[in-house]
Amino acid sequence: LLLLCHAEEAAVIVCGLRNTDVFVGESATFTCELSHPGVKNVQWWLDGTPLHNNLVTEISEQDGRIHTLTLNDVACHDSGTVTFRAGSLISAAKLLVKGISSLER
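Everything in the sequence shown is counted per my numbering, starting at 1373 for the first residue and increasing by one.
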């Protein structure tokens, strides 16, 4: 009975996203930890655009609770708001990509 009650408990965000500053060409990593696994409809966003796992964008999950997004080889135009959504849970943080103006196109 105790396990049943725990399973029906709504998940919460234990540790949310943190604002991150990186330089052009570096990687930016965001991590969000949930109270327990099994939350459906997990999605990462950058400025309102859904992100998908590929060479530049690495999305991973550990134990169903720790969700990680790594953006590789970032450029200045990647600066913006990173959002993690899991069901009705939302956590967001700012990504600031710093560069030298001569490096920008």
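Every residue, glycine too, gets a C-beta built ideally from N, C-alpha and C.
Subject >> Cα-Cα separation between T1440 and F1402, rounded to whole angstroms >> reply: 6 Å
Original post:
Less than 7 Å separating the beta-carbons of A1447 and R1390?
Top reply: In this structure, the beta-carbon distance from A1447 to R1390 does not fall below 7 Å.
Original post:
What's the gap between the Cα of N1426 and the Cα of A1382?
Top reply: Taken atom to atom, the span from the alpha-carbon of N1426 to that of A1382 is near 31 Å.
**OP:** Can you tell me the Cβ-Cβ gap for C1387 and E1398, rounded? I've got them flagged as a contact below 8 Å.
**Re:** At roughly 22 Å, the Cβ-Cβ gap does not stay under 8 Å, so C1387 and E1398 are not in contact.
Original post:
So does E1405 have its beta carbon nearer than 6 Å to some heavy atom of the ligand SAM?
Top reply: The ligand SAM is not part of the structure shown, which contains no ligands of any sort.
Subject >> Local Cβ density within 10 Å of T1455, reported as buried at 16 or more and exposed below that >> reply: Looking at its Cβ environment, which holds 16 or more other Cβ atoms inside 10 Å, T1455 is buried.
Original post:
Are the beta-carbon atoms belonging to G1459 and V1411 less than 7 Å from one another?
Top reply: yes
Original post:
Which one or two residues does DSSP pair with E1433 in a beta bridge?
Top reply: Paired residue(s): H1439.
Original post:
Under a three-way DSSP split, which group does D1450 fall into?
Top reply: helix
Original post:
Relative to the alpha-carbon of S1407, which residue among G1471, R1437, L1467 and L1461 has its alpha-carbon at the smallest distance?
Top reply: R1437
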